[in-house]
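Q: My questions will all concern the structure given below.
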Amino acid sequence: MKKYLLLFSALFVLTACNTGNNDSKDSTTKSTAAATEKTGSKTSVSASDKSSTKSNSDKQSPNTSDSKTQASSTKTDSTHGNHAMSAMDELKANYPNDKFPDPATISGGKQIGITASEEQGVLKVNYYVVNEDTPYNDPVLTNQTPVAQFQRQVFDSKETAQNKVGQTYDPNGQQVDLGHSITGYRSAGAGSSFIMWKEGNWSLAVQANNLEQEDPIPLAKQAVEYLETAFLPAPRDAGQISLRVATGDLQSNSVVWQENKTVYTIMNGDSMSSLKMAVSMAK
């Protein structure tokens, strides 16, 4: 009996040990699982945060790109200066003490581009026919031919300025009634015929090409009719208008007048446009 009690006690102890070991293993397994779950949760949150950060970065990227594009566009738009001003306004801003012809008179109302430069006291303003708004002094105009030009030149004395005008008048030719009580004098020479007359301090001349069978009288009468109601600048002391019947380059027609030591010159390929440019400066 005693022998069985000892055997039973040994079995009980052994069973208790196995149970303890199993509980320990279960506890370790649970603890590991809990730790893994905790770690996995933390890893999941971190990945979520990273994904969110990347997403926010992606959202900001287009805005950054837009900002750079906008800055680039602004720089490009500013290449030619202040686009809020027209070429004529910029010309006036650069030479605030000067007066210039009205661009609407230069080429029959066509759109005009403008370049200007001043060297050794001579200001030259070139006018070009353009198809769209063109900035003042745009380099694209340098390869084009101007249709008109305005000059302002200052001399040392009034006498030198007056000689520069080159006034021409010959009252010895055949008399021609040009209307409005104005008599013109017709003469000929070197394949051309001329009509000359005077209005105040202005001397006027119309040239016609005899080889082309041109007649100077119609243009002379047209000029007289126009100047009956349109007033030229008052020259001091001399003014010269030289017109040609046929349209040509910008030197074909010129209006030149003196104001003390300053001489103004307008040139235009079209005769009546040169007159209109000059008249616009008297307003």
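Under mature numbering (1 follows the signal peptide of the UniProt record, and there is no 0), residues -18 to -1, 1 to 265 are what the sequence shown spells out, in order.
Glycine is no exception: its CB is placed at the ideal position from the N, C-alpha and C atoms.
1. On the criterion of 16 or more Cβ atoms from any shown chain inside 10 Å, does VAL147 qualify as buried, or is it exposed?
2. Could you give the C-beta distance for TYR167 and GLY182, rounded to a whole number, given that I count them as a contact under 8 Å?
3. Determine the closest residue to GLY95 out of GLN131, VAL104, ILE248, ALA202, with distance taken between C-alpha atoms.
4. What's the gap between the Cα of ALA212 and the Cα of ILE177?
5. Could you name the residues that DSSP lists as bridge partners for MET249?
6. Classify GLN102: buried if its beta carbon has 16 or more other beta carbons within 10 angstroms, exposed otherwise.
7. For THR87 and LYS81, I'd like the C-alpha separation in whole angstroms.
8. Identify, in the order they occur along the chain, each residue of the same chain with its Cβ nearer than 6 Å to the Cβ of THR97, setting aside the five sequence neighbours on each side.
9. Roughly how many angstroms lie between the CA atoms of GLN93 and SER234, to the nearest whole one?
10. What do you get for PRO121, buried or exposed, if any count of 16 or more other CB atoms within 10 angstroms of its CB means buried?
11. Let's see if you can read the secondary structure: which residues bound the beta strand (DSSP E) around GLU181?
12. Using DSSP with H/G/I as helix, E/B as strand and the rest coil, what is THR165?
13. Just to confirm the assignment, what range does the alpha helix (DSSP H) spanning ALA220 have?
14. The alpha helix (DSSP H) with ILE88 in it runs from where to where?
15. Taking three-plus beta-carbon pairs below 8 Å as touching, is the segment 134 to 150 in contact with the segment 217 to 236?
A: In this structure, then:
1. Its Cβ being crowded by 16 or more others within 10 Å, VAL147 is buried.
2. 17 Å between Cβ atoms; not a contact.
3. The residue from GLN131, VAL104, ILE248, ALA202 with its alpha-carbon nearest to that of GLY95 is GLN131.
4. Approximately 21 Å, taken between the alpha carbons.
5. MET249 is bridged to GLN131, SER236.
6. Classification of GLN102: exposed, given that the 10 Å Cβ count is below 16.
7. If I take the Cα positions, the gap works out to 14 Å.
8. Taken in chain order, the residues that qualify are ASN108, ASN119, LEU123.
9. Each residue's alpha carbon lies about 21 Å from the other.
10. Taking all protein chains shown into account, PRO121 has fewer than 16 neighbouring C-beta atoms within 10 Å of its C-beta and is therefore exposed.
11. Taken as a continuous stretch (DSSP letters only), the beta strand (DSSP E) holding GLU181 covers 174 to 181.
12. Residue state, collapsed to three classes: strand.
13. Bounds of any alpha helix (DSSP H) do not take in ALA220, whose DSSP letter is neither H nor E.
14. Membership of ILE88 in any alpha helix (DSSP H) is not indicated, and neither H nor E is assigned to it by DSSP.
15. With a cut-off of 8 Å, the segment 217 to 236 and the segment 134 to 150 count as touching, because enough Cβ pairs lie within range.
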